[in-house]
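Chemist: Quick one: the structure is below, questions incoming.
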Amino acid sequence: MFGLGPQELIIILIIVLLVFGSTKLPQLGSGLGKSIKNFKKSMREEEEADAKKATAPTTVVQVEVQRPDALESQSVTEAVTDSETETSEVGS
């Protein structure tokens, strides 16, 4: 994949050992392991939360609004009366 064979990996390990020292290396490994564990835990919790949201029941609220018939007939009558007035003014 990256062209890293066993010889290259051994050289990298020796360099890491020289840079960090033999006493810090176990602490680094432990810290890395804990951070990977916490990352996996948070990913799993987020997936579970998403799954709960997806399966949560949804509530549908249906609202029916009724208009009084008197208001509808009044507005239609006003519109007809207004249009008759306009046509009679144009014809004059």
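Each step along the sequence shown adds one to the number in my numbering, with nothing skipped, and position 85 is 85. Even glycine gets a Cβ: it sits at the ideal position worked out from N, Cα and C.
What does the alpha-carbon distance come out to for the pair E48 and Q7?
Modeler: Taking the sequence shown and counting its residues from 1, the one referred to as residue 48 is at position 48. Taking the sequence shown and counting its residues from 1, the one referred to as residue 7 is at position 7. Going by the C-alpha atoms only, they are around 43 Å apart.
Chemist: Give the range of the alpha helix (DSSP H) segment to which P57 is assigned.
Modeler: Along the sequence shown, one-based indexing puts residue 57 at 57. No alpha helix (DSSP H) holds P57; DSSP gives it neither H nor E.
Chemist: Under 8 Å by Cβ, that's how I've got F20 and L28 pegged, so tell me the actual separation to the nearest angstrom.
Modeler: Working through the sequence shown from its first residue, we reach residue 20 at position 20. Working through the sequence shown from its first residue, we reach residue 28 at position 28. Correct: roughly 6 Å between the Cβ atoms.
Chemist: Does DSSP put L28 in a helix, in a strand, or in coil?
Modeler: The sequence position of residue 28 within the sequence shown is 28, counting from 1. Correct three-state label for L28: helix.
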